[in-house]
Amino acid sequence: MRVSAVPEAAPSLPAPGGELVRATGIGKSWGGTRALDGVDIEVRGGEILALVGENGAGKSTLMNILSGIIGHGGYEGTLAVDGRPGHFANPHESEKAGIVLVPQELRIAPGISVGENMFMGHLPRNRLGMVDFDRISRDARRWLRIFDMPCAPEDLAGLYSTAEQRMMMIAGRSQRTRASSCSTSPRPRSPRPRRTSSSPRCSASRPTTSGSC
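Going by the working numbering, the first residue of the sequence shown is number 1, and it counts up by one from there.
Next comes the structure, spelled out in structure tokens:
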């Protein structure tokens with residue numbers, strides 16, 4: 001399976017063209033079940049890809065490999081990020097390389113702000129070691145604008161719909177990525193597919209906004 005996509009222009013996202021992530025010959029079995037067999041996937045700067053398939057097609061397995069949940073040695077094939085081997089033992093290592101997974105299960109704290117949720121676990125600090133709320137507001141507002149989100153960083157996250165909360169998480173994770181941001185969840189928005197590939201099927205799309213799951 002090989003995937004390419006139409007670049008999505010966004011000034012604060014990676015510039016189109018350069019290869020960021022390449023997976024080659026990825027295979028994984030669970031007992032006697034072959035979840036992935038010889039999967040190739042390439043992600044280039046500025047691309048938004050949609051991984052589409054029926055239950056059991058191997059979507060989550062592929063995302064878990066890319067994000068380090070299934071560590072190096074637990075699957076067949078190779079990963080490369082920016083042309084260097086991606087031997088991730090855990091999600092922390094993949095995140096350091098710029099690959100972040102937005103999980104299907106929402107992890108939103110509804111009683112705090114949108115901005116704080118976006119930076120959860122990575123709250124910026126000022127010189128005194130205190131949480132830098134000005135930076136949270138500034139950076140969150142920029143990423144919400146990139147993803148065309150109709151909310152303010154200061155709003156309570158619980159005021160928004162489940163789909164909007166998921167987009168908050170994607171926007172928040174995107175500000176920490178170098179390579180790609182992935183989700184195993186259904187898409188809250190439905191851009192038209194440009195092309196498809198074999199199972200697990202991948203459709204490359206250009207969203208009407210810049211959101212992607």
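All C-beta atoms, glycine included, are put in the ideal place defined by N, C-alpha and C.
Practice task
Provide the residue span of the alpha helix (DSSP H) that contains Trp113, from first to last.
Solution key: Residue 113 sits at position 113 when you count from the first residue of the sequence shown. Strictly speaking, residue 113 in this sequence is Ser, with Trp absent from that position. Where Ser113 is concerned, there is no enclosing alpha helix (DSSP H), given that its DSSP letter is neither H nor E.
Exercise for the section: Look at the alpha carbon of Gly18 and the alpha carbon of Asp148, and state the distance between them as a whole number of angstroms. Expected result: Residue 18 sits at position 18 when you count from the first residue of the sequence shown. Residue 148 sits at position 148 when you count from the first residue of the sequence shown. Computed Cα separation, rounded: 25 Å.
Practice task
Determine the burial state of Ile112: buried for a count of at least 16 other Cβ atoms within 10 Å of its Cβ, exposed for fewer.
Solution key: To locate residue 112, count along the sequence shown from 1; it is residue 112. Exposed, by the Cβ-count rule.
Exercise for the section: For Ala152, count neighbouring Cβ atoms within 10 angstroms of its own Cβ and tell me buried if that reaches 16, exposed if not. Expected result: Here residue 152 corresponds to residue number 152 of the sequence shown, with the count starting at 1. Result: exposed.
Exercise for the section: Take the Cβ of Ala245 as the centre, count every other Cβ of all protein chains shown within 10 Å, and call the residue buried at 16 or more, exposed below. Expected result: A question about residue 245 goes unanswered here, because the residues of the chain that appear run from 1 up to 213.
Handout entry: Buried versus exposed call for Trp143 [16 or more other C-beta atoms within 10 Å across all chains shown]
Key = Locating residue 143 in the sequence shown gives position 143, counting from the first residue. So Trp143 counts as buried.
Practice task
For Ser190, collect the residues of the same chain with a Cβ closer than 6 Å to its Cβ; drop the 5 residues on either side in sequence, then sort them by chain order.
Solution key: As a working note, residue 190 is residue 190 in the sequence shown. With a pLDDT of 40 at Ser190, under the threshold of 50, the modelled position of this residue cannot be trusted, and the question is left open.
Handout entry: Selected residue, minimal CA-CA separation from Leu36, among Pro85, Lys59, Gly46 and Pro150
Key = Taking the sequence shown and counting its residues from 1, one reaches residue 36 at position 36. Ranking Pro85, Lys59, Gly46 and Pro150 by Cα distance to Leu36 puts Lys59 first.
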